[in-house]
Amino acid sequence: MKRMFLAIIGLSMMFDLSAQKKVLTMEEAVMGYHLYPRSKYIQWQGDKNQLTYLDREGLMSESVDKGEKKVLLTVAELNKILGAELKGFPNFSWLDANTLVIARQGTVYHIDVVKKQVKQKFTFPKGAANETYSKASNRYAYTIGNNLYYMDERGNSYTVTADEDKNIVNGQVVSRNEFGITGGIFWSPDGKKLGFYRKDESQVTNFPLLDINTRTGELKEIKYPMAGMKSELVSLGVYDIASAKTIFLDVNDFGREQYLTGITWAPESDMVYIQVLNRGQNHMRLNKYDASTGKFIATLFEEKSNTYVEPQSGLVFLANNPKQFIYSTNNRDGFMNLYLHDVNGKLIRRLTDVDADVVFVAADAAGKYVYYLSSEISPVEKQLFRVEVKSGKKNRLTTEEGWHNITMSGDCAYFIDNYSSIKVPRNVDLTTNAGKVVRRLQEVENPNKDYNFGEITLGSIKADDGSDLYYRLIKPMDFDPNKKYPVIHYVYGGPHAQLVTNTWNALLRTWEMYMAQHGYVVFVIDNHGTPNRGKAFEDIIHRQCGQVEMKDQVKGIEWLKSFPWVDANRIGVHGWSYGGFMTISLITNYPDIYKVAVAGGPVIDWKWYEVMYGERYMDTPQENPEGYAKTSLIAKAKDLKGKLLICQGAVDPVVVWEQSLSFIRECIKNNVQVDYFPYPCAEHNVMGRDRIHLMQKVTNYFEDYLK
Numbered sequence: 001m002k003r004m005f006l007a008i009i010g011l012s013m014m015f016d017l018s019a020q021k022k023v024l025t026m027e028e029a030v031m032g033y034h035l036y037p038r039s040k041y042i043q044w045q046g047d048k049n050q051l052t053y054l055d056r057e058g059l060m061s062e063s064v065d066k067g068e069k070k071v072l073l074t075v076a077e078l079n080k081i082l083g084a085e086l087k088g089f090p091n092f093s094w095l096d097a098n099t100l101v102i103a104r105q106g107t108v109y110h111i112d113v114v115k116k117q118v119k120q121k122f123t124f125p126k127g128a129a130n131e132t133y134s135k136a137s138n139r140y141a142y143t144i145g146n147n148l149y150y151m152d153e154r155g156n157s158y159t160v161t162a163d164e165d166k167n168i169v170n171g172q173v174v175s176r177n178e179f180g181i182t183g184g185i186f187w188s189p190d191g192k193k194l195g196f197y198r199k200d201e202s203q204v205t206n207f208p209l210l211d212i213n214t215r216t217g218e219l220k221e222i223k224y225p226m227a228g229m230k231s232e233l234v235s236l237g238v239y240d241i242a243s244a245k246t247i248f249l250d251v252n253d254f255g256r257e258q259y260l261t262g263i264t265w266a267p268e269s270d271m272v273y274i275q276v277l278n279r280g281q282n283h284m285r286l287n288k289y290d291a292s293t294g295k296f297i298a299t300l301f302e303e304k305s306n307t308y309v310e311p312q313s314g315l316v317f318l319a320n321n322p323k324q325f326i327y328s329t330n331n332r333d334g335f336m337n338l339y340l341h342d343v344n345g346k347l348i349r350r351l352t353d354v355d356a357d358v359v360f361v362a363a364d365a366a367g368k369y370v371y372y373l374s375s376e377i378s379p380v381e382k383q384l385f386r387v388e389v390k391s392g393k394k395n396r397l398t399t400e401e402g403w404h405n406i407t408m409s410g411d412c413a414y415f416i417d418n419y420s421s422i423k424v425p426r427n428v429d430l431t432t433n434a435g436k437v438v439r440r441l442q443e444v445e446n447p448n449k450d451y452n453f454g455e456i457t458l459g460s461i462k463a464d465d466g467s468d469l470y471y472r473l474i475k476p477m478d479f480d481p482n483k484k485y486p487v488i489h490y491v492y493g494g495p496h497a498q499l500v501t502n503t504w505n506a507l508l509r510t511w512e513m514y515m516a517q518h519g520y521v522v523f524v525i526d527n528h529g530t531p532n533r534g535k536a537f538e539d540i541i542h543r544q545c546g547q548v549e550m551k552d553q554v555k556g557i558e559w560l561k562s563f564p565w566v567d568a569n570r571i572g573v574h575g576w577s578y579g580g581f582m583t584i585s586l587i588t589n590y591p592d593i594y595k596v597a598v599a600g601g602p603v604i605d606w607k608w609y610e611v612m613y614g615e616r617y618m619d620t621p622q623e624n625p626e627g628y629a630k631t632s633l634i635a636k637a638k639d640l641k642g643k644l645l646i647c648q649g650a651v652d653p654v655v656v657w658e659q660s661l662s663f664i665r666e667c668i669k670n671n672v673q674v675d676y677f678p679y680p681c682a683e684h685n686v687m688g689r690d691r692i693h694l695m696q697k698v699t700n701y702f703e704d705y706l707k
């Protein structure tokens, strides 16, 4: 094979810890949370420019200007307030500068930290979920089963929906959490109306999951809309508190099988904006509706694509101008950018004029600046910028390399900068809105300093099209360049998951270092289709999932094989979910490269995967029969030459059991030997202490057949 010399762009940090003796246990590799840099959970004290966090004394407050600290509430004081016997401070949030919110045993407490007493408590009925608060009206909405209720400030509950049909679901997530949907309840800004999703699943097929916890076993059916089949029907209701009546918005753009996302109330609470997407996911309309009548008012603008349109966030109205909003899309200029529109849909200006993906962080009350995180410095970094709304002038506010997580103060005068890089375990800085560091709030020590870790390198190689593919490489402990080492190639490869970033240890999983300590080279590379690289970089996988991704992954392995210390005859691959799909794809398509593979929860054929995700990337089986046939692993079972172990959660509601069992059946038909291990009662991811068993199983397989 002709050797290709690829340019390597290095961001390399080598850890020379050979003098240390400590080696990871499997339990540490799986559940060793102490091995990750842990920072204080620092919050702003409501709308006040005070920092709050927990320490040994209790809940602390710290002034931004002088750093003066005081105890707001001790655990003993909290126990007295709640009549409890807590050993430590529970999770909390702030309602305002003086009101702490704590949820405990079905009750939400609003606690006055000045008077040190309960201001109000809301005790929810048994089975309540999805509790959503309206500060304007001091009410909570919640669901029990498939129906929606709300509770007023006196603790009285009221019924919003009373559907008895089990196929009708109110107030919950729809579209299987796609399109940025994280909830199904939407209070109006004035708290007088309650928006909610309603989904009708009566046409969606059921999929049975076997529960073995009963004496004779029990089948539990879930709704699972497979690609090309009937899907759920979603609508948006608006309940008026005063009249106790519900209207449904008149959304009829693309028939009943359409997606409703980006639900946004107008600041005046009179209108609702919805991003309406067709089932084909290549045509979106931003529509405005009258919240009192449900009447369609106007389409502000449309987005179309030859591949897909994927709205992921709602509108953000400017605090000083309710007639203007910020809209986020990657469908106009090739990257996820921010655009300023008026309420009639007119584009005022592009706010972030960069060839990089950005994420909205905040806009100040004066409407002067918009703050955003951007990948423009590097696709493996997130840096904070601000742009002046009127002029478009931008400033970079974070200067240290790495991945920054930002928490702005309520008035946007300051921000908490929580960041790490391959050189820095974690730093937390208090910074002004102009980017000046006021002081360091925390500097986390290297949590791995007592362990003998191998060298970690972050770099990139060139893909066939000239784009950079970023990798993470871990060399074995006590590395000897004169030896030859087996390789474990860890892969995910699907959209919305970036495995390689300029963060501490380059975002590795501790199990990877465990394997490096046991004599393996561990390699991870992000292929086309992964995020933070622009629309074209992702869209190339459309209608052919796995094909381009495999070429990129193999490009990385071919580069790795050029090193004399890599044993090209001992390369294994491991991945879960989309990574499980990639794992089986790689060992069956490239049998001369991969000797051993372990796939978890793998997609085998996209026609058995869910409508929302599957049809976005593959269209329907009816529209793209060639693509489905080419990417299906059923036909590849006969080509399996190496050793393959498949692990599967037996009650997986995401990648259903039909997928991997169908592959096993095909292996049997072709007299191909394959190993299989189901995890009873486990869903898509094997969690808790069962995961120790899983990763030991994975490790043993590589030890038995690769090493």
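The sequence shown lines up with residues 1 to 707 when you count with full-length UniProt numbering.
Glycine is no exception: its CB is placed at the ideal position from the N, C-alpha and C atoms.
Relative to His684, the option among Gly627, Lys638 and Gly600 whose CA is nearest is Gly600.
In the displayed model, Val23 falls within coil according to three-state DSSP, outside both helix and strand. Straight through space, the alpha carbons of Pro653 and Asn527 are spaced by roughly 27 Å. For Val75, the enclosing alpha helix (DSSP H) begins and ends at Val75 to Leu82.
When rounded, the separation of the alpha-carbon atoms in Glu558 and Leu473 is 14 Å. Taking C-beta atoms under 8 Å as the contact rule, Lys475 and Ala516 qualify, at a distance of about 7 Å. Taking C-beta atoms under 8 Å as the contact rule, Glu443 and Phe479 fail to qualify, at a distance of about 29 Å. The stretch 273 to 337 contains no complete alpha helix (DSSP H) run of 4 or more residues.
Counting only the Cα atoms, Trp565 lies some 26 Å from Ser585. In the displayed model, Met612 falls within a helix according to three-state DSSP.
By DSSP's assignment, Ser134 forms a beta bridge with Arg139.
By the C-beta density criterion, Val114 is exposed, having fewer than 16 other C-beta atoms within 10 angstroms.
Secondary structure note for Tyr578: its alpha helix (DSSP H) is the uninterrupted segment Tyr578 to Asn589. In the pairwise beta carbon analysis, the stretch 417 to 428 is classified as touching the stretch 38 to 48: at least three pairs are separated by under 8 Å.
The residue among Glu615, Val64 and Val522 with its C-alpha nearest the C-alpha of Cys545 is Glu615. Residue nearest to Lys66 within the set Ile81, Gln50, Asn79 and Leu73 is Gln50 (criterion: CA-CA distance). In this structure the stretch 318 to 328 lies against the stretch 356 to 375, because at least three pairs of beta carbons, one per stretch, are closer than 8 Å. Exclusion of the five residues before and after Tyr224 leaves Val204, Thr205, Asn206, Phe207, Glu610, Pro653 and Val656 as the residues of its chain whose Cβ lies within less than 8 Å of its Cβ. If you look at Phe415, you'll find it in the beta strand (DSSP E) that goes Tyr414 to Ser420. Per DSSP, Pro625 is one residue of the alpha helix (DSSP H) stretching across Pro625 to Thr631. By the neighbour-count definition (other C-beta atoms within 10 Å, threshold 16), Thr398 is a buried residue.
In its chain, beyond the 5 residues on either side, Ile81 and Ile111 have a beta carbon closer than 8 Å to the beta carbon of Gln117. Taking each of Arg543, Ala128 and Lys21 in turn and checking the Cα distance to Asn306, the smallest one comes out for Arg543. For the options Ser421, Gly183, Leu351 and Gly262, the alpha carbon positioned closest to that of Ala506 is the one of Ser421.
Residues of the same chain with a CB within less than 6 Å of the CB of Lys121, apart from the 5 flanking positions on each side, are Thr107 and Tyr109 in chain order. Counting the other CB atoms within 10 Å of its CB gives Asp605 a total of 16 or more, which places it among the buried residues. Take the alpha-carbon of Gly459 and the one of Tyr471: they are about 5 Å apart. For Phe677, the enclosing beta strand (DSSP E) covers residues Asp675 to Tyr679.
When C-beta atoms of the stretch 227 to 234 are compared with those of the stretch 289 to 306, fewer than three pairs fall below 8 Å, so the two segments do not count as touching. A straight line joining the alpha-carbon of Asn287 with that of Asn252 spans about 11 Å. Here DSSP, grouped into helix, strand and coil, assigns Gly217 to coil. Burial state of Phe186 is buried, judged by a 10 Å Cβ sphere holding 16 or more other Cβ atoms. Within a 10 Å sphere around the beta-carbon of Leu633 sit 16 or more other beta-carbons, which makes this residue buried. The shortest CA-to-CA distance from Asn569 to any of Leu384, Pro625, Tyr590 and Lys192 is the one to Tyr590.
According to the DSSP assignment, Asn395 belongs to the beta strand (DSSP E) that extends over Lys394 to Arg396. Taking the C-beta atoms as reference points, Asn502 is found no nearer than 8 Å to Trp576.
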